[in-house]
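Enquirer: Residue numbers (this note's numbering), protein chains in the order written: chain A, 1 to 191; chain B, 1001 to 1191. By construction, the Cβ of each residue, glycine as well, lies at the ideal position given by its N, Cα and C atoms. Fair warning: this is a prediction, and the values are worked out from it, not measured in the lab. Dumping the structure here so I can ask a few things about it.
Protein chains: 2
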Amino acid sequence: MDKRQQLIHSAFELFYRNGIHAVGINQILQTAGVAKKTLYHHFASKEELIAAVVEYRDEKFYSWLASRLELVKPGYDGLNELFDAVDDWINNRVDLLSDFHGCFFINTCAEFNDPQQPIYQQCQHHKKKINSLIERQIRALGILEPATHHVTDSISLLKEGAIVMAHVQGDLTAANKAKDMAWIVLAAYLS
Amino acid sequence: MDKRQQLIHSAFELFYRNGIHAVGINQILQTAGVAKKTLYHHFASKEELIAAVVEYRDEKFYSWLASRLELVKPGYDGLNELFDAVDDWINNRVDLLSDFHGCFFINTCAEFNDPQQPIYQQCQHHKKKINSLIERQIRALGILEPATHHVTDSISLLKEGAIVMAHVQGDLTAANKAKDMAWIVLAAYLS
DNA sequence: AGAAGAATAGACAGATCGGTATACCTCTGT
DNA sequence: ACAGAGGTATACCGATCTGTCTATTCTTCT
């Protein structure tokens, strides 16, 4: 078991549940069962650890969603799978992603509330990657090319809305509502 | 000028821009131009100040939105106004609300990531109040009663999605996209 | 006039923060 | 066999955190 990975994993769990600024380094060390010297052997600063944690979550979440979408045909099936996946996540049916506490990237942007900051930009980059997964589904539907980006953003908006509704307002059916709306909206574009 | 209000105002501006945990009391005192003793005369702790700041923003935001909705007829006009208001907010055309840095309540839930916490519940309560404004519009549309709550949640989801898209992904047209989707979805319920 | 309340500046306490330093241990590769 | 990398535990540093305390001034009410 790699100590570096252990630190990232423990840090993520604590950050995700309590927020980044509310978690101190000593707490991470205690949880991970790792000495302070070891942390600073792998990372130059807390900031670097945070960056590594964001990257870790990016890879984990993206590869999870991508692999789920690969199980079905792009387009109709893919979009259903997208919202089903979010529904599973919200309702804690995905062990891999830890207990649902909202979107880690939205949460992190809320704490590092400045688009100039590298960590904020990492979060934006993650969202762009997720958007590209959605865009692939939209293209497969045969939507007119000039509308592709607009429709992709609209589906992304529904997905983000579902996550926030589930997190802040506790609506565990939000992903289903978003899915229903997605098909109503898409029908208008496909007619 | 009331010192208590001055503290709340300065604290809000700092919290909204930098996150709550990232802002120290001394920073608030310096910005507000107030002595430490005065702060602890009005508030028992930082926690109490935070609660007062959330309440302050709740009142300010709610009354702003409510008053905008009162200018138009409930129903069709009201829903258009809702998304126009969010669009104005996102694009910094509302001086009253300070520079857009996402939804303060979503951001705060991200930092106090536990539904048991009073501050988290204050944020949930704010969202319920906003939902009631939306529900009034939905009822005026003449939607079948059993669907009212479901449709209200759906519109709320679109609104939250727009805010997050604007904040995290920098899509300043998100509110317009949400408005378009709202009418497509509502048309399906009204037919 | 004089008491009370609200404000000031700033020293101070105790805890915790991120980060460094010291001294020692345990593997592993050549 | 032994050098070096990676690890442990822990003391320590200076800074900063929330919150308390002292001593003094300003304002306001009766």
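#1: For chain B, is any of its Cβ atoms less than 8 Å away from the one on R136(A)?
#2: Compile a chain-ordered list of the residues in the region 1046-1057 of chain B whose CB is closer than 9 Å to at least one CB of chain A.
#3: Taking Cβ positions, are G1019(B) and A11(A) nearer each other than 8 Å?
#4: Does DSSP put A140(A) in a helix, a strand or coil?
#5: Can the beta-carbon of M181(A) be found closer than 8 Å to that of M1181(B)?
#6: S98(A) to E13(A), Cα distance in whole Å?
#7: Under 9 Å Cβ-Cβ, which residues of chain A neighbour L1172(B)?
#8: In chain A, what lies closer than 8 Å to G1019(B) by C-beta?
#9: Is there a Cβ of chain B sitting closer than 8 Å to that of L65(A), yes or no?
#10: Consult DSSP for H21(A) and reduce its assignment to one of helix, strand or coil.
#11: Would you please state the rounded distance, in angstroms, between the beta carbons of I130(A) and V151(A)? I believe it to be under 8 Å.
#12: Please decide whether V996(B) counts as near chain A, where near means a Cβ-Cβ distance under 8 Å.
#13: Quick check: is the beta carbon of H101(A) nearer than 8 Å to any beta carbon in chain B?
#14: If you run the structure through DSSP and keep just helix, strand and coil, what is V1086(B)?
#15: Give me the subset of the region 1174-1187 of chain B whose CB atoms are less than 7 Å from a CB atom of chain A, sorted by chain position.
#16: If I follow the unbroken alpha helix (DSSP H) through V1180(B), where does it start and stop?
#17: In the DSSP assignment, find the unbroken alpha helix (DSSP H) run with N91(A) in it and report its ends.
#18: Could you compute how far the alpha carbon of Y120(A) sits from the alpha carbon of L69(A)?
#19: Looking at chain A, is there any beta carbon in it that lies within less than 8 Å of the beta carbon of D1153(B)?
#20: Note down, in chain order, every chain A residue with its Cβ under 8 Å from the Cβ of A1162(B).
#21: With DSSP run on the structure shown, which of helix, strand or coil describes Q1122(B)?
#22: Kindly indicate which three-state DSSP category A1011(B) falls into: helix, strand or coil?
#23: Just to confirm the assignment, what range does the alpha helix (DSSP H) spanning L1049(B) have?
#24: Could you check whether the Cβ of I106(A) sits closer than 8 Å to any Cβ belonging to chain B?
#25: Between which two residues does the alpha helix (DSSP H) harbouring S1154(B) extend?
#26: Of the choices F1015(B), I1134(B), H1125(B), whose alpha-carbon is the least far from that of Y1076(B)?
#27: Output yes if chain A places a C-beta closer than 8 Å to the C-beta of Q1117(B); else output no.
#28: When we look at the beta-carbon of A35(A) and count the other beta-carbons within 10 Å, is it buried (16 or more) or exposed?
#29: Might you give, ordered along the chain, the residues of its own chain that have their beta carbon closer than 7 Å to the beta carbon of Y56(A), omitting 5 neighbours on each side?
#30: Rounded to whole angstroms, how far is the Cβ of K60(A) from the Cβ of V1168(B), which I believe are closer than 8 Å?
#31: Out of K1003(B), A1022(B), D1002(B), which one is the CA nearest neighbour of F112(A)?
#32: Under the assumption that A1085(B) contacts L1071(B) (Cβ atoms under 8 Å), give the Cβ distance between them as a whole number of angstroms.
#33: Please list, in chain order, all residues of the same chain as I143(A) whose beta carbon is under 6 Å from its beta carbon, the five residues on each side excluded.
#34: Figure out for me which residue from R17(A), K46(A), Y16(A), H42(A) has the closest Cα to the Cα of N26(A).
#35: Can you give me the start and stop residues for the alpha helix (DSSP H) that L1039(B) sits inside?
#36: Grouping DSSP H, G and I as helix and E and B as strand, with all else coil, what is C1103(B)?
Expert: Quick look at the numbers:
#1: In the first sequence, counting from the first residue as 1, residue 136(A) sits at position 136. No, R136(A) lies away from the interface with chain B (no Cβ there is under 8 Å from its Cβ).
#2: none
#3: As a working note, residue 1019(B) is residue 19 in the second sequence. As a working note, residue 11(A) is residue 11 in the first sequence. No, they are not a contact pair.
#4: By 1-based counting over the first sequence, the position of residue 140(A) is 140. It is helical.
#5: If you number the first sequence from 1, residue 181(A) lands on position 181. If you number the second sequence from 1, residue 1181(B) lands on position 181. Yes, the pair counts as a contact, with Cβ atoms nearer than the cut-off.
#6: Sequence index remark: in the first sequence, residue 98(A) carries index 98 (1-based). Sequence index remark: in the first sequence, residue 13(A) carries index 13 (1-based). Each residue's alpha carbon lies about 8 Å from the other.
#7: Residue 1172(B) sits at position 172 when you count from the first residue of the second sequence. The contacting residues do not exist; L1172(B) stays about 11 Å from chain A at best.
#8: Counting from one through the second sequence, the residue named residue 1019(B) turns up at place 19. Neighbours of G1019(B) on chain A, chain order: H21, A110, E111, F112, N113.
#9: Along the first sequence, one-based indexing puts residue 65(A) at 65. By this cut-off, L65(A) is not an interface position.
#10: Start at 1 with the first residue of the first sequence, and residue 21(A) comes out as number 21. It is coil, neither helix nor strand.
#11: Along the first sequence, read from residue 1 onward, the residue named residue 130(A) stands at position 130. Along the first sequence, read from residue 1 onward, the residue named residue 151(A) stands at position 151. At roughly 15 Å, the Cβ-Cβ gap does not stay under 8 Å, so I130(A) and V151(A) are not in contact.
#12: This structure cannot settle anything about residue 996(B), because the visible part of chain B is limited to 1001 through 1191.
#13: Numbered from its first residue, the first sequence carries residue 101(A) at position 101. Interface residue, yes.
#14: The residue you call residue 1086(B) lines up with position 86 of the second sequence. Reduced to three states, the DSSP call for V1086(B) is helix.
#15: A1174, K1177, A1178, M1181, I1184, V1185
#16: Looking up residue 1180(B) in the second sequence gives position 180. According to the sequence as given, residue 1180(B) is Asp; it is not Val. 1174-1190 is the extent of the alpha helix (DSSP H) around D1180(B).
#17: Translated into positions along the first sequence, residue 91(A) becomes position 91. Here N91(A) belongs to no alpha helix (DSSP H), and DSSP marks it neither H nor E.
#18: Indexing the first sequence from 1 puts residue 120(A) at position 120. Indexing the first sequence from 1 puts residue 69(A) at position 69. So the two alpha carbons sit approximately 26 Å from each other.
#19: Position 153 of the second sequence, counted from the start, is the residue given in the question as residue 1153(B). Answer yes: the Cβ-Cβ gap between D1153(B) and chain A drops below 8 Å somewhere.
#20: Locating residue 1162(B) in the second sequence gives position 162, where the first residue counts as 1. Those are L157, G161, listed as they occur along chain A.
#21: In the second sequence, residue 1122(B) corresponds to position 122, counting from 1. Three-state result, Q1122(B): helix.
#22: Taking the first residue of the second sequence as position 1, residue 1011(B) is located at position 11. A1011(B): helix per DSSP, three-state reduction.
#23: Here residue 1049(B) is taken as the residue at index 49 of the second sequence, counted from 1. 1046-1070 is the extent of the alpha helix (DSSP H) around L1049(B).
#24: As a working note, residue 106(A) is residue 106 in the first sequence. So, interface residue.
#25: Counting from 1 along the second sequence, the entry for residue 1154(B) is found at position 154. 1148-1168 is the span of the alpha helix (DSSP H), which, as asked, contains S1154(B).
#26: Indexing the second sequence from 1 puts residue 1076(B) at position 76. For Y1076(B), the nearest C-alpha among the options comes from I1134(B).
#27: Here residue 1117(B) corresponds to residue number 117 of the second sequence, with the count starting at 1. Chain A, which has no Cβ nearer than 8 Å to the Cβ of Q1117(B), makes this no.
#28: Along the first sequence, read from residue 1 onward, the residue named residue 35(A) stands at position 35. Counting the other Cβ atoms within 10 Å of the Cβ of A35(A) gives fewer than 16, which makes it exposed.
#29: Position 56 of the first sequence, counted from the start, is the residue given in the question as residue 56(A). Once the five neighbours on either side are set aside, the close Cβ partners of Y56(A) are I8, F12.
#30: The residue labelled residue 60(A) in the question sits at position 60 within the first sequence. The residue labelled residue 1168(B) in the question sits at position 168 within the second sequence. Actually they are not in contact, since the Cβ atoms of K60(A) and V1168(B) sit about 19 Å apart, beyond 8 Å.
#31: Within the first sequence, numbered from 1, the residue matching residue 112(A) stands at position 112. Residue A1022(B) is the option with its Cα nearest to F112(A).
#32: Taking the first residue of the second sequence as position 1, residue 1085(B) is located at position 85. Taking the first residue of the second sequence as position 1, residue 1071(B) is located at position 71. A1085(B) to L1071(B), Cβ: 10 Å. No contact.
#33: Taking the first sequence and counting its residues from 1, one reaches residue 143(A) at position 143. Excluding residues within five positions, the ones whose Cβ falls inside 6 Å are V151, Y189.
#34: Position 26 of the first sequence holds residue 26(A). N26(A) has its Cα closest to that of K46(A), out of R17(A), K46(A), Y16(A), H42(A).
#35: Start at 1 with the first residue of the second sequence, and residue 1039(B) comes out as number 39. Note, L1039(B): alpha helix (DSSP H), 1036-1042.
#36: Position 103 of the second sequence, counted from the start, is the residue given in the question as residue 1103(B). Three-state result, C1103(B): coil.
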